[in-house]
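Notes follow the structure.
Numbering (my numbering), first residue to last: 13 to 169.
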């Protein structure tokens, strides 16, 4: 790996204690790209949140495709690697907390369903995004844009 990155072996082994640690750290970096918490915290409404899903759906280009493949592999590896699983779970919790904050603010403004717990809305919206991602990767004929428009309409209602 060091040779492919055009780095001295010592530079890599100084920072990482083996290939597994390096791969784990790379997977976490990719996962952070998929769940941009700072960008999420800057949003004002749940409807604004849907635009964060757009790059991961449909024909999103080679770079996003690579990130998607690494992200999927990271999720599989998390089944075997407790450290990776806990770090990824922590990122997802932070993501859901930020969505719940958006939902709470929407409830105060009257733009989000008042009867639903913000944490439950956050889980549901995150799961819908994950499901659309999966469907878009497996079915190239999926109308992901239409699905996102429908989701936008639901959360804006």
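Beta carbons are placed, not taken as given, at the ideal position from N, Cα and C, and that holds for glycine.
Buried or exposed: which applies to residue i, given that a residue is buried once 16 or more other Cβ atoms fall within 10 Å of its Cβ?
{"i": "residue 47", "result": "buried"}
{"i": "residue 99", "result": "buried"}
{"i": "residue 53", "result": "exposed"}
{"i": "residue 126", "result": "exposed"}
{"i": "residue 141", "result": "buried"}
{"i": "residue 22", "result": "exposed"}
{"i": "residue 122", "result": "exposed"}
{"i": "residue 88", "result": "exposed"}
{"i": "residue 49", "result": "exposed"}
{"i": "residue 43", "result": "buried"}
{"i": "residue 167", "result": "buried"}
{"i": "residue 120", "result": "exposed"}
{"i": "residue 105", "result": "exposed"}
In this structure, how does DSSP classify residue i when only helix, strand and coil are distinguished?
{"i": "residue 29", "result": "coil"}
{"i": "residue 47", "result": "coil"}
{"i": "residue 157", "result": "helix"}
{"i": "residue 67", "result": "helix"}
{"i": "residue 60", "result": "helix"}
{"i": "residue 16", "result": "coil"}
{"i": "residue 163", "result": "helix"}
{"i": "residue 54", "result": "coil"}
Kindly indicate which residue of the options has the alpha-carbon position closest to the one of residue i.
{"i": "residue 129", "options": "160, 155, 112", "result": "112"}
{"i": "residue 36", "options": "108, 148, 90", "result": "90"}
{"i": "residue 135", "options": "110, 153, 156", "result": "110"}
{"i": "residue 152", "options": "133, 38, 116, 69", "result": "69"}
Looking at chain E, is there any beta carbon in it that lies within less than 8 Å of the beta carbon of residue i?
{"i": "residue 88", "result": "Absence of chain E from the displayed structure is noted, only one protein chain being present."}
For this session: Only counting runs of 4 or more residues, tell me where the alpha helix (DSSP H) segments fall wholly within the region 88-154, in order along the chain.
Result: 94-121, 130-150
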